[in-house]
Structure formats: structure tokens, C-alpha cells
Amino acid sequence: ERRGTTHLVHSWPAQGRPAAKFGMTPSVDMVGKSSVQAQAVLWYYQASAGVAQALAGIFSVCFPKFYLKYQRAFEAGVWLTSDPGPWLGRAVVFKLQVYLHRDGLDAGPCACFPMGLFTGGEAYFPDIQAKLAYRPGDVLIFMSGALYHCVGQWCAPPVTEEMLQKGISTGRVSTVFFSPQSSLDALEGKPPLWARRTMGGKVCDAYEF
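Residue numbers (our numbering): 14 to 222.
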């Protein structure tokens, strides 16, 4: 069975290529490596818009200043307008164990939640000596660039015959909503749809001809 991480980012500079000089692009996973993948990404954003709106509501109440900053950057850098924002990126972690790390390139708070059928998988924050329940339906919003974090070992129960007939498998899938610091810096003060209208800052505004 496949496993891995998909990075869906509306606008970010390529590694080692500053946005001020080379501009910004959507991530490869965002635009799709094939026409079918491009369709799947668009469908995913349309299907998950309600979840994104719910997370945005929580975020706006818990971190109102960050929310406004993120939303302004999102409106400037958005690629697929079916995403309501305010985060510029999503990482879909498909059936991987998540070991101790810190997302040093990300700005401010991220939001994340798990899905699937599994046991274990608690959230650990060693810097603050915390262990939290982290089951489907739970949401974490925290400073992922400041706090080391990991997910406890999880196990997938056996797949039943009924699951096989329906094409369902067990395991853990998580989604992380985040905004890269480099993207926020490059998009600060830019008008709405700036990335779409200027090829991420590589050409003049298409609406000003």
C-alpha cells in the first residue's frame, strides 16, 4: 500500500531562489503532474471547503491577529480560489509514522487533525512536557515552528471483509494546514490575486495592460 506526504501550497518560492528575484509558484503537487491529478486536487479543495471554513473560524477566534495576517497573504497568493483560506499550504500525511520534529520554515500557528481507523497516535510536545489525545475529530492549533512535536506510534487494525468489498483500508491520515514564513514575507502588502495576475511576481500585472 502507498504511503507518503503531499504538499499542496498556493504560492511559495523555490528553495534557494528568493521570491524578490525569482518569483513564486504553486507547489508541484498543487498543479498536478498529470491532468487527472490536477482534477483530483481541484475536487479535493471543493470537497474539503467546509472543513477549511470550520478551522478558519476556530483560528480567527483563538489567534485573531495571526488570522488577519494569514488571510491577507492568502488572498494575495491564492492559486485555487475554491480554498477559503487563510493558510497557504496543506500537508496530507498518508499512513506515515510522524517522528519528533519542528517545522522551522513555517510561520505562526498551524492547524492539524487526524482521520482514519487506528489505535495510539497521541500528540507529544516535549518542550512543554505535554501528551494530548489526538483522535479523529480532535484539532490541534499550535506554533509548529517553535515547538518540537511528534505523534505516538499508531497501529492499524485488520481490514475486514466488508471493508475490502467497499475498498476501505485502515490506518491513519492527517492533514496539516500551514503557511511558510517565506511566503508570508513575500506576499506582505500585495493586493488580492497578485500571484495569479503576475505569475507569482515574475511578470507585470495582467490586468494593467
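Glycine included, each C-beta is placed from N, C-alpha and C at the ideal position.
{"Item": "Nearest-angstrom beta carbon gap, THR188 and LEU109 [assumed within contact, 8 Å]", "Value": "At roughly 13 Å, the Cβ-Cβ gap does not stay under 8 Å, so LEU109 and THR188 are not in contact."}
{"Item": "Other residues of its chain near PHE87: CB distance less than 6 Å, five sequence neighbours each side excluded", "Value": "GLY98, PRO99, LEU101"}
{"Item": "Which listed residue (MET212, HIS23, GLY36, LYS82) has its alpha carbon closest to that of TYR58", "Value": "HIS23"}
{"Item": "For LYS34 and GLY213, the rounded distance between their alpha carbons", "Value": "11 Å"}
{"Item": "Own chain residues within Cβ distance below 8 Å of CYS217, not counting five before or after", "Value": "THR211"}
{"Item": "Cβ-Cβ distance between PRO139 and TYR112 below 7 Å", "Value": "no"}
{"Item": "Residue span of the alpha helix (DSSP H) that contains GLY17, given as start and end", "Value": "Segment 17-22 is the beta strand (DSSP E) holding GLY17; no alpha helix (DSSP H) there."}
{"Item": "LEU130 - partner residues in DSSP beta bridges", "Value": "GLY184"}
{"Item": "Three-way DSSP call (helix, strand, coil) for GLY63 in this model", "Value": "helix"}
{"Item": "Three-state secondary structure (DSSP) of ALA120", "Value": "coil"}
{"Item": "8 Å contact criterion, which PRO77 and ALA199 should meet: CB distance rounded", "Value": "Contact doesn't hold; Cβ gap of about 23 Å is too wide."}
{"Item": "Alpha carbon of LYS179 to alpha carbon of ALA208, nearest angstrom", "Value": "41 Å"}
{"Item": "N- and C-terminal bounds of the beta strand (DSSP E) containing ALA143", "Value": "143-145"}
{"Item": "Continuous beta strand (DSSP E) stretch holding ARG103: start and end", "Value": "102-107"}
{"Item": "Which residues DSSP lists as bridging ILE154, in chain order", "Value": "ALA124"}
{"Item": "Where PRO77 falls: helix, strand or coil (DSSP)", "Value": "helix"}
{"Item": "The stretch 111-129 / the stretch 156-173 touching (three or more Cβ pairs under 8 Å)", "Value": "yes"}
{"Item": "Nonlocal neighbours in the same chain, by C-beta distance under 6 Å from SER195, ignoring five residues either side", "Value": "PRO26"}
{"Item": "The stretch 125-139 in contact with the stretch 81-96 per 3-pair CB rule at 8 Å", "Value": "no"}
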